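Going by the working numbering, the first residue of the sequence shown is number 56, and it counts up by one from there.
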Amino acid sequence: MAAEKWLLVGLGNPGPEYAETRHNVGSRCLARLARRHGIELRAHRLYSLGRGSIGGSEAVLARSRVYMNESGRAVAALLRQERVPLSRLLVVCDDLDLPLGKLRLRPGGGHGGHNGLRSIIAHLGSGDFPRLRIGIGRPLRDGRPVTDPDLVARYVLSVPTAEERPVLEEALELACDAIEVVLAEGLEAAMNRYNP
Numbered sequence: 056m057a058a059e060k061w062l063l064v065g066l067g068n069p070g071p072e073y074a075e076t077r078h079n080v081g082s083r084c085l086a087r088l089a090r091r092h093g094i095e096l097r098a099h100r101l102y103s104l105g106r107g108s109i110g111g112s113e114a115v116l117a118r119s120r121v122y123m124n125e126s127g128r129a130v131a132a133l134l135r136q137e138r139v140p141l142s143r144l145l146v147v148c149d150d151l152d153l154p155l156g157k158l159r160l161r162p163g164g165g166h167g168g169h170n171g172l173r174s175i176i177a178h179l180g181s182g183d184f185p186r187l188r189i190g191i192g193r194p195l196r197d198g199r200p201v202t203d204p205d206l207v208a209r210y211v212l213s214v215p216t217a218e219e220r221p222v223l224e225e226a227l228e229l230a231c232d233a234i235e236v237v238l239a240e241g242l243e244a245a246m247n248r249y250n251p
């Protein structure tokens, strides 16, 4: 039996000014996974792409090279090119509403206010694809969650604090572990092991 093929996509914004921001943890996760497995990511117009084997599955790793709110263009192009069913598209992104460093793996769903997921769902016409969200926490003001769009945008596009960095680094390692379990044992096994 041929190995299953998975398309793994990390979301983020392109350019060095965004590389280390909270919003780019999905892209950073895919870069880390590629390094862990010796997979070289080569730049294309809409994404950086690499291929390898992870957990007995054929893995196509991609980091979006378009801005977050245009992620759907890159993902739709990748799906057409790779001919992978939605059930084996795993999108990795940040999540404001998850506590810092927590992971949440789901088989599908809505965008939850995330512009990258919103764009992907709009381009694909469906939210029926797995996603791994990495918690970046929501900023607080006077002990209450901030909802002002400008303040939220400033927060997600900023670099984590010195106190947050080690928590996010550990979360990125765990996220890579979770992806490996998805490819080796399936989504359900990974959800049981890594969801809070």
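Using N, Cα and C, we set each Cβ at its ideal position, and we do this for glycine too.
Keep in mind it's a predicted model, so treat the numbers as computed, not measured.
Is there at least one Cβ from chain B nearer than 8 Å to residue i's Cβ?
i, result
"residue 90", "Absent here is chain B; the protein component of the structure consists of one chain."
Quick check: the Cα distance between residue i and residue j, rounded to an integer number of angstroms?
i, j, result
"residue 56", "residue 112", "Confidence at residue 56 is low in this model, with a pLDDT of 45, below 50, so the placement of that residue should be treated as unreliable; the coordinate-derived value is given next. The alpha-carbon atoms of residue 56 and residue 112 are separated by roughly 11 Å."
"residue 148", "residue 126", "11 Å"
"residue 210", "residue 199", "15 Å"
"residue 76", "residue 214", "4 Å"
"residue 140", "residue 197", "45 Å"
"residue 222", "residue 191", "10 Å"
"residue 238", "residue 232", "10 Å"
"residue 212", "residue 58", "38 Å"
"residue 104", "residue 118", "7 Å"
"residue 143", "residue 60", "7 Å"
"residue 74", "residue 66", "11 Å"
"residue 176", "residue 243", "22 Å"
May I ask which residues mark the beginning and end of the beta strand (DSSP E) holding residue i?
i, result
"residue 113", "112-119"
"residue 104", "102-109"
"residue 232", "No beta strand (DSSP E) holds residue 232; the alpha helix (DSSP H) holding it covers 219-240."
"residue 65", "60-65"
"residue 134", "Not the beta strand (DSSP E): residue 134 falls in the alpha helix (DSSP H), residues 126-137."
In the DSSP assignment, what residue or residues form a beta bridge with residue i?
i, result
"residue 200", "195"
"residue 176", "DSSP output for residue 176 lists no bridge partner at all."
"residue 148", "188"
"residue 158", "189"
How far does the alpha helix (DSSP H) with residue i in it extend, from its first residue to its last?
i, result
"residue 94", "Element bounds for residue 94: n/a, residue is neither H nor E."
Just confirm the distance between the C-beta atoms of residue i and residue j, as a whole number of angstroms; I'd bet it's less than 8 Å.
i, j, result
"residue 63", "residue 160", "Actually they are not in contact, since the Cβ atoms of residue 63 and residue 160 sit about 13 Å apart, beyond 8 Å."
"residue 115", "residue 137", "5 Å"
"residue 193", "residue 201", "6 Å"
"residue 236", "residue 245", "4 Å"
"residue 172", "residue 230", "The Cβ separation is near 16 Å, so there is no contact."
Measuring only from the beta carbon, is residue i closer than 7 Å to any heavy atom that is part of the ligand GDP?
i, result
"residue 202", "For the structure depicted, the ligand GDP is absent and the ligand set is empty, with no information on it obtainable."
Q: Would you be able to state if there are at least three C-beta pairs under 8 Å between the region 149-165 and the region 91-102?
A: no
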